[in-house]
Amino acid sequence: MKNILDLLIDDFHERGLPELMSRPQPMAWVPGKANVVIGMRRSGKTWFCYQQMQELLRKGLEKERLLYLNFEDERLLPFSAQDFQFVLETYYRKFPTFKSQKCYLFLDEVQRIEGWDKFVRRVLDTEQLSVCVTGSSSRLLSKEIATSLRGRSLTTEIFPFSFKEFLYYKKVNPKSVRRFGSKTRAMLQNLIGQYLKIGGFPEVQTFDDELRREVLRNYLDVVILRDVVERYSISNTVALRALIRHIINAPATRFSINKFYNSLKSQGVACTKNNLYGYMDHLTDTFLFYQVPIHSRSERIRRVNPKKVYVIDPGLLEAMS
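Just so you know, numbering that gives the first Met the number 0 puts 253 at position 254 of the sequence shown, and the rest follows in order with no gaps.
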C-alpha cells in the first residue's frame with residue numbers, strides 16, 4: 000500500500016489541475032473543522048475540489064502542500080481505516096518539513112471506507128492539516144458526521160449546473176441581461192430549451208445527443224446498482240426499477256406509496272409497503288430524487304399528505320423518455 004500511495008502522491012503533484020468553470024458555492028476553511036462536499040455522482044464534486052485547490056494555489060500555496068486521494072481509484076483497493084495512517088506516513092516521509100506547516104488533505108468518495116470519520120477527527124485534533132471530504136451518500140456521511148464529527152464539519156451540497164450556471168458555461172453573463180427585447184427573449188428561449196434537453200451534468204455538455212443519453216443512462220444505472228442495490232443488499236430489483244420508472248415518467252407530481260403499492264399488486268409484482276418506503280429513502284439518499292412536502296405550518300399535515308417528487312436533473316428525464 001505504501002508504494003501505491005507514493006505513486007499516487009507523485010502523480011497528483013506532477014499533473015496539472017484541469018481548466019474548469021468556477022462554481023458559485025462558497026467554501027470556507029475554518030480551523031478545526033472538516034469541509035464535507037456531498038452530491039449525486041458526476042455532479043461536479045471532484046471539480047469543486049479542484050476549484051478549491053486552484054484558489055489556494057492562486058494565493059501562493061505550494062502544490063506539494065496539497066494531498067488528494069480518490070477512493071474510486073482501483074489501485075487503492077483494498078483500503079481500510081488502518082491504511083489512513085500510511086497516507087500520513089508516506090506524505091510526511093516525502094515532505095518532512097510540511098509536518099509543522101499548514102497543508103490540505105482532499106479525500107474523494109471517502110464514504111466507501113468504513114471508519115473514515117475517526118481518521119478525520121484525529122487529523123483535525125493532531126495534525127496541521129485542513130481536510131475536505133466528498134461523498135455520494137447523504138445518509139452515510141451524515142451518520143458519521145453526527146457521531147465522530149459532531150460540530151466539527153461544514154457541509155456543501157453540489158448539484159448539476161443550474162440554469163444560471165448553464166448560461167455562464169455558454170459564455171452568457173446573466174447579470175448583463177438587462178433588457179428583454181425580442182432578440183434577448185429568443186436567445187434565452189433557445190438556451191432554456193437546450194438546458195431542458197441537455198441538463199446540467201458537467202461531463203455531458205459537449206456530447207452529441209446519442210452519446211449524452213447513453214452516458215446519462217449509465218449514471219442512472221450506476222446509482223441504482225452501486226449506490227442502492229449493492230449498498231443496501233436489495234434483491235427485489237423489479238419493484239425498485241418500477242418505482243424509478245414511475246417517478247421519471249411523472250416528475251414533479253404528488254406521489255403516494257400506498258397507491259403505487261396497489262398498482263404493483265394489481266400487476267402481480269410482490270413488494271411490501273415498508274420495502275417501498277425504504278427504496279424511496281435510498282433513492283433520495285443518493286440525491287437522485289428530492290421529496291417536497293405540502294406547504295403548511297402543521298407538521299401533521301406535512302407528514303400525512305403525499306409529497307411531490309422531483310428528479311435532480313432535466314437531462315436525466317430527457318435521456319430516459
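Ideal Cβ placement from N, Cα and C applies to all residues, glycine included.
Bridge partners - residue i, DSSP secondary structure assignment
i, result
"Phe254", "Lys306"
"Phe105", "Tyr67, Cys131"
"Ser152", "Ala33"
"Gln290", "Val308"
Status (buried if at least 16 other CB within 10 Å, exposed otherwise) for residue i
i, result
"Lys182", "exposed"
"Gly370", "No information on residue 370 is available, as it lies outside the stretch 0 to 320 that the chain covers here."
"Glu71", "exposed"
"Ser161", "exposed"
"Phe179", "exposed"
"Pro23", "exposed"
"Tyr231", "exposed"
"Glu54", "exposed"
Under the three-state DSSP convention, the category residue i falls into
i, result
"Tyr60", "As written in the sequence, residue 60 is Leu, which differs from the Tyr given in the question. If DSSP states are grouped into helix, strand and coil, Leu60 belongs with coil."
"Thr283", "helix"
"Gln24", "coil"
"Gln53", "helix"
"Phe78", "coil"
"Cys270", "coil"
"Leu19", "coil"
"Pro159", "coil"
"Gln204", "coil"
"Gln84", "helix"
Residue i to residue j span [Cα, whole Å]
i, j, result
"Val176", "Gly192", "18 Å"
"Asn2", "Leu106", "18 Å"
"Asn63", "Leu6", "Here residue 63 turns out to be Glu, not Asn, going by the sequence shown. Taking the straight line joining both Cα atoms gives about 14 Å."
"Ser147", "Asp116", "6 Å"
"Met186", "Ala251", "27 Å"
"Ile112", "Ile157", "21 Å"
"Leu75", "Leu275", "35 Å"
"Arg299", "Val291", "15 Å"
"Arg120", "His245", "42 Å"
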